[in-house]
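See structure below.
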Amino acid sequence: MSGFWRRLRAATWARSLEFIRDKSAVGWNVIFPVLLVVGLAYVFSGPGQPMFKVAVVAPEGAALDASLHPFLATPQVQFYREARAADAVHKVQLQRIDMLLDFTATPARYWVNEQSPKGKLLEQLLRGAGGAALQRQATQGAEVRYVDWVTPGVLGMNMMFGCLFGIGYVIVRYRKNGYLKRLNATPLRAFEFLLAQLLSRLVLIVLVNVAVFGACRALLHLRMEGSYWNLLLLTVAANFCMIAMGLVVSARLSSEELAGGILNVISTPMMVMCGVFFSIDGAPHALQIAAQLLPLTHLINGARAVMLDGAGFTQILPNLAALAAMSVVYLTLGAALFKWRQS
Amino acid sequence: MPPVLQAIELVKQYPKVRAVDGVSFEVREGTCFGLLGPNGAGKSTTIEMLEGLLKPSSGQVLFRGAPLGGHYRERVGIQFQNTALQEHLTTRENLRFFSALYPKRRTLDELVRLCRLEEFLDRDTSKLSGGQRQRLLLAIALVNEPEVLFLDEPTTGLDPQARRNFWDLVQGVKAQGKTIVLTTHYMEEAYLLCDEIVIVDHGRIIAGGSPASLLAQHFDDSVLELPTAEVRKLGAGVEFKEKGELAEIHTADLNGVIARLLGAGASLAQLRIRPRTLEDLFLELTGRELRA
């Protein structure tokens, strides 16, 4: 075995043993995702949340049912009352609701967001309410529940925290307590050390999340249209990239407090910008472009495409390519900036 | 044959302090070379330049007559003053890990025997005592059968018993013909282990040679220690230094001084006579205590 592989294997093995034997860390890394799954299962148990949300401005005293308009009898759509159309239009713009109906105007009007696929689908339903052909579309649309949509986001977010904090804190701690200085006195190269940390973390995170995904799928009956292998490939690529991102942050720091602060500054916007809980389709264009520069966006979008739309390898190839390119940049930067000792 | 290591006019300048200021010396094959000095004297900075971990601001380190090359780290072993190890790994696992980083390796059995690791070989390293930990760190420094072993303040913080046990181990390593470079602020450690020393203060070498020759060169007397009250009975004419309740008389004429003390009616019940030490030498050269 060449020196490179021997050293890489030894460093990966040592780090993995350290992690596996750290009961509190393992506990947290397993328990947190399980809590997430249980939480999701609880929130989305029962008959299921409606997929669509429609605001209705109706004359006083009128019930929100088919007597007002046949469309209001559509199943899997939550109709709720708004007092004034002007207040609700903004919610349509932000895609917080899928459609707004106003029966107080003459003629009755509706608002839909041109950029929202759900809004467009609803529009079709509205136009064809009562028609046999369009009823079929309504059934198809109702199968995509919010839980199917949000689970890739929640698991992606969990992996992001595991990658960034898991690698960042460990390396900063090693630097602070002098362990890195000791390793620097051996033939182990910076790149080999970093790659070992990355591989060890990658294997552990992917294994834990495969188990969590399995549990989610079983408990929540998640929709899975595409290939598991594509999903796994995407997960490995995204985790590799996010761990490499953590390596950049930890390249020089020797204060855990500062590292924690910086990691929070990175992870919090990622959580918001990458569409974990809400679609960013309606967000400003600049924000959407910025989101394309974040690995979590490509993981979540790719995973949703595979799971919900049955996207194949070629369809997620742009996500994989972006993740690979970002990985190269982060890994190169991390190795170039890396310092063995405190300055 | 060139010396194993040569330090030539080494300087390490930090923004606000010159930690090492033009240090030169040679380390011969198979000897134990000591850098002796108080905390902050520049010993650790000097040894880190010799280890190849710190780049000198100017000057050069030569290994067997040539600048330190890419494979230098495979040929030396280092024990730092403060080193953490990976948590949750046993002594055996740590040794295996560090062994795997080197192309040339000692067997685990040899290391265990040499550094007396048998009793805690399968113990988590976080549960080792200070002395056991230093023995493991010494074993790690020896995993690659190094040509030069660097020990940076290896016994700082150990209790006297653990320190003596560690000295035994180092003497065992020395007996195998290894070249050792040691930093310490314990003069007893330097005197016992080192064939040659340099005394460092404020980043400069203030004296160098074998411990015995240095002492012979600077002193021809011995030290008598007595309670100050007894020494005062001699009256004027005898110089002494007060150290708390004890007084020290430095003299080359032991018999004469003892006769005068008896003549003056002083009690010799608490008399101690000791030879000059490196600590005395440091005080003589700098006017300060070594461990002040």
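So the sequence lines, in the order shown, correspond to chains A and B.
The first sequence: position 195 = 195 (the working numbering), numbered continuously.
The second sequence: position 67 = 410 (the working numbering), numbered continuously.
Beta carbons are placed, not taken as given, at the ideal position from N, Cα and C, and that holds for glycine.
When the Cα of residue i is compared with those of the options, which residue comes out closest?
i, options, result
"E352 (chain B)", "B:E369, B:S565, B:A443, B:D538", "B:E369"
"T314 (chain A)", "A:T297, A:G302, A:R252", "A:G302"
"L411 (chain B)", "B:T426, B:P497, B:F423, B:L393", "B:L393"
"E627 (chain B)", "B:R407, B:T527, B:R603, B:L558", "B:L558"
"T498 (chain B)", "B:E490, B:N508, B:P489", "B:N508"
"C537 (chain B)", "B:S442, B:G580, B:I523", "B:I523"
"G520 (chain B)", "B:P358, B:K386, B:G365, B:E372", "B:E372"
"D98 (chain A)", "A:G119, A:A86, A:A105", "A:G119"
"G39 (chain A)", "A:L155, A:A25, A:V77, A:L121", "A:L155"
"L231 (chain A)", "A:L219, A:M307, A:V203", "A:M307"
"V236 (chain A)", "A:V203, A:L101, A:Y42, A:A10", "A:V203"
"T297 (chain A)", "A:L222, A:I262, A:S267, A:A211", "A:S267"
Quick one: which chain A residues come within Cβ less than 9 Å of residue i?
i, result
"L577 (chain B)", "Chain A residues near L577 (chain B): none, gap ~53 Å exceeds 9 Å."
"E490 (chain B)", "Going along chain A, no residue has its Cβ under 9 Å from E490 (chain B), so there is no contact; the nearest lies around 14 Å."
Verify the CB distance criterion: does residue i have a CB-CB separation below 9 Å to chain A?
i, result
"Q356 (chain B)", "no"
"P346 (chain B)", "no"
"K359 (chain B)", "no"
"F406 (chain B)", "no"
"A362 (chain B)", "no"
"F463 (chain B)", "no"
"T426 (chain B)", "yes"
"Q429 (chain B)", "yes"
"R439 (chain B)", "yes"
"L558 (chain B)", "no"
"P446 (chain B)", "yes"
"L396 (chain B)", "yes"
"H414 (chain B)", "yes"
Tell me the rounded alpha-carbon separation between residue i and residue j.
i, j, result
"L348 (chain B)", "T450 (chain B)", "27 Å"
"I205 (chain A)", "M159 (chain A)", "7 Å"
"L444 (chain B)", "G377 (chain B)", "28 Å"
"M530 (chain B)", "I540 (chain B)", "10 Å"
"V248 (chain A)", "F193 (chain A)", "14 Å"
"W28 (chain A)", "N487 (chain B)", "38 Å"
"S200 (chain A)", "A409 (chain B)", "39 Å"
"A55 (chain A)", "L195 (chain A)", "52 Å"
"R341 (chain A)", "G551 (chain B)", "31 Å"
"S367 (chain B)", "I592 (chain B)", "36 Å"
"A63 (chain A)", "R217 (chain A)", "38 Å"
"G131 (chain A)", "Q124 (chain A)", "Low per-residue confidence applies at G131 (chain A): pLDDT is 37, beneath 50, and the placement is therefore not dependable, though the value from the model is reported in the following sentence. Taking the straight line joining both Cα atoms gives about 11 Å."
"L35 (chain A)", "V265 (chain A)", "24 Å"
"G500 (chain B)", "H528 (chain B)", "12 Å"
"Y179 (chain A)", "L323 (chain A)", "31 Å"
"T526 (chain B)", "S387 (chain B)", "7 Å"
"A482 (chain B)", "N437 (chain B)", "10 Å"
"Y637 (chain B)", "K447 (chain B)", "No information on residue 637 (chain B) is available, as it lies outside the stretch 344 to 635 that chain B covers here."
"A321 (chain A)", "L293 (chain A)", "12 Å"
"A362 (chain B)", "D22 (chain A)", "40 Å"
"Q78 (chain A)", "V112 (chain A)", "16 Å"
Give me the chain B residues within the contact set of residue i, using Cβ-Cβ distance strictly less than 8 Å, ordered along the chain.
i, result
"D87 (chain A)", "Those within 8 Å of D87 (chain A) in chain B number zero; the least Cβ separation is about 57 Å."
In chain A, which residues lie less than 8 Å from residue i when you measure between Cβ atoms?
i, result
"R466 (chain B)", "What R466 (chain B) touches in chain A: nothing, since even the nearest Cβ is about 13 Å away."
"F423 (chain B)", "G178, K181, R182, A185"
"E417 (chain B)", "P187"
"E436 (chain B)", "A14, L17"
Is the shortest distance between the beta-carbon of residue i and the beta-carbons of chain B less than 9 Å?
i, result
"Q140 (chain A)", "Confidence is the limiting factor: at Q140 (chain A) the pLDDT is only 34, short of 50, which leaves the residue's position unreliable, though a coordinate-based value still follows. No, because no Cβ of chain B sits closer than 9 Å to the Cβ of Q140 (chain A)."
"Q137 (chain A)", "Because Q137 (chain A) carries a pLDDT of 28, less than 50, the predicted location of this residue cannot be relied on, and no value is offered for it."
"Y174 (chain A)", "yes"
"G168 (chain A)", "no"
"G302 (chain A)", "no"
"A335 (chain A)", "no"
Closer than 8 Å to a non-hydrogen atom of the ligand ZN - does that hold for the CB of residue i?
i, result
"T571 (chain B)", "In the structure shown, the ligand ZN is absent, as is every other ligand, since no ligand is present at all."
Counting only Cβ pairs nearer than 7 Å, list the residues of chain A close to residue i.
i, result
"A443 (chain B)", "R6, R7, A10"
"L432 (chain B)", "A14, L17, E18"
Contact defined as beta carbons within less than 8 Å: I believe residue i pairs with residue j. What is the distance between those atoms, to the nearest angstrom?
i, j, result
"E430 (chain B)", "S469 (chain B)", "6 Å"
"E225 (chain A)", "L432 (chain B)", "Between L432 (chain B) and E225 (chain A) the Cβ distance is about 45 Å, and since that is not below 8 Å, they are no contact."
"G153 (chain A)", "I300 (chain A)", "5 Å"
"I421 (chain B)", "A484 (chain B)", "6 Å"
"F103 (chain A)", "Q76 (chain A)", "About 21 Å separates the two Cβ atoms, so there is no contact after all."
"C274 (chain A)", "Y330 (chain A)", "That pair is no contact at about 16 Å."
"V574 (chain B)", "R619 (chain B)", "Incorrect: roughly 19 Å between the Cβ atoms, too far for contact."
"V57 (chain A)", "A25 (chain A)", "53 Å between Cβ atoms; not a contact."
Using 9 Å as the limit for Cβ to Cβ distance, is residue i near chain E?
i, result
"T186 (chain A)", "In the structure shown, chain E does not exist; the protein chains are A and B."
Could you work out which residues of chain B lie near residue i, taking near to mean beta carbons separated by less than 7 Å?
i, result
"N177 (chain A)", "A427"
"R21 (chain A)", "H431"
"G3 (chain A)", "P446"
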